[in-house]
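Residue numbers (the working numbering): 1178 to 1633.
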């Protein structure tokens, strides 16, 4: 039996290559004849022919997870420190420094009852067992949460794969059950309490309905009474939030914040915030993560960690790549003083530009893929933008061969991966793999696929 996590992955690929017909019998995404282990995806309405997934599992060692957990918790504690020390927990000061819309600052009061980072999905690139954290993704609705459990369960639905992974000491992590257990314990929910996975019925930017149904099915497996419903169907006029006459104990947020000038939603939105702020309904997927846990704070944290002015600075540096707000001025790199813009111009191959509030990989510029003149224009545009931008050390993902089905056949190809590492109560709780065979920007919005994550 292979020893290291990478050895196990390579051995699993050999297992697939030696048993392609049997693997297809259980794992094929064919919409005409889906694999026997793909039944949950079919029942939930996934378009398997349009949804790319790899059947090669990502396997993380327990020592790697411990390293990641220590680093992520240090980064979260560092953000806490910056919010207290730099902004004195004053949303107005933070909004001004981070260029956050003023209407969003009022959301901070609804988060005072809970930890802003109670759920998160940091984007992580691995070099062997060493993690590098690119994004925190805290307090959001955590895309891929339901899929992570479905993918892992489908893979072990192939008996030969289940036996192989068990013999190799590999196991899955039931992410949604971890979340359900945390919410039940901290919020004292009972088995019959109603949890609504809520969304705006007319939301233009809604995630596909299948994501909500997947999360609903997995939350139910975790022991909670979950249903999917639009915010518009919630009764917010009474003492408690209700749905069809039944009290709602918790809301899982699949909905965006609302600006004051949105007349169709403004009144309903304010009533919902009042219920949340008063503690009459639990909110899972906090607003404050969207407001403050953006790349501006990561840049500030990176600079503070380099100067040793935040707690656990070494742990922060171990996982957070060098990151700075893009501006004309001086800073440091590897302990040496530099002119930031001159450094950016001279070292484009090792840098990436990102808007601080970007989502889904939008507008990210990789210097390694650009000519010198194109990179210079990207810097100029970022400096002229009303938004803040950061420049970050480019951390290329290692490539490995992944197996997937294409045109009814099992194929393998070298691919890059990014792990969405789920954290519940600031502890590791599983993950989902994103992968792409040609793109540096490994993101579902850019066409990347997904895959399962296991622990050894």
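For each residue, glycine too, the CB sits at the ideal point set by N, CA and C.
What you are looking at is a predicted structure, and each value in this text was computed from that prediction instead of being measured.
Taking residue i as the reference, give the member of the options with the closest Cα.
i	options	result
residue 1391	1423, 1416 and 1352	1352
residue 1584	1441, 1225 and 1607	1225
residue 1608	1227, 1322 and 1302	1322
residue 1379	1348, 1442 and 1493	1442
residue 1233	1222, 1198, 1216 and 1191	1191
residue 1563	1277, 1206, 1223 and 1300	1277
residue 1240	1194, 1203 and 1308	1308
residue 1618	1325, 1421, 1546 and 1418	1546
residue 1490	1237, 1242 and 1250	1250
residue 1593	1319, 1610 and 1248	1610
residue 1410	1399, 1449, 1440 and 1512	1449
residue 1238	1303, 1208 and 1252	1303
residue 1328	1497, 1350 and 1360	1350
residue 1182	1394, 1235, 1209 and 1231	1235
residue 1402	1425, 1292 and 1418	1425
residue 1414	1628, 1400, 1447 and 1435	1447
Check the DSSP bridge columns for residue i and list the partner residues they point to.
i	result
residue 1293	Looking at the DSSP assignment, residue 1293 forms no beta bridge with any residue, so it has no partner.
residue 1612	1594 and 1626
residue 1412	1419
residue 1373	1404 and 1428
residue 1569	1500 and 1529
residue 1315	1297
residue 1182	According to DSSP, which records beta bridges pairwise, residue 1182 is partnered with nothing at all.
residue 1303	1308
Report back the beta-carbon spacing between residue i and residue j to the nearest angstrom; my notes put them in contact at under 8 Å.
i	j	result
residue 1626	residue 1337	Between residue 1337 and residue 1626 the Cβ distance is about 23 Å, and since that is not below 8 Å, they are no contact.
residue 1544	residue 1571	7 Å
residue 1218	residue 1331	7 Å
residue 1202	residue 1213	6 Å
residue 1221	residue 1335	So it is not a contact: roughly 19 Å between Cβ atoms.
residue 1559	residue 1503	5 Å
So, is residue i buried or exposed, given that buried needs 16 or more other C-beta atoms within 10 angstroms?
i	result
residue 1531	buried
residue 1505	exposed
residue 1456	exposed
residue 1384	exposed
residue 1632	buried
residue 1366	buried
residue 1452	buried
residue 1206	buried
residue 1669	No answer is possible for residue 1669: the residues shown for the chain start at 1178 and end at 1633.
residue 1492	buried
residue 1195	exposed
residue 1299	buried
Could you tell me whether the Cβ of residue i comes closer than 8 Å to any Cβ of chain D?
i	result
residue 1615	Absent from the structure is chain D; it holds one protein chain and no more.
Is the number of C-beta pairs between the stretch 1424-1436 and the stretch 1250-1265 that are closer than 8 Å three or more?
no
For the structure I just gave you, are there three or more beta carbon pairs, one from the stretch 1405-1425 and one from the stretch 1370-1388, closer than 8 Å?
yes
Counting pairs of Cβ atoms below 8 Å between the stretch 1351-1370 and the stretch 1597-1616, do you hit three or more?
yes
Between the stretch 1245-1257 and the stretch 1469-1478, can you find at least three pairs of beta-carbon atoms closer than 8 Å?
yes
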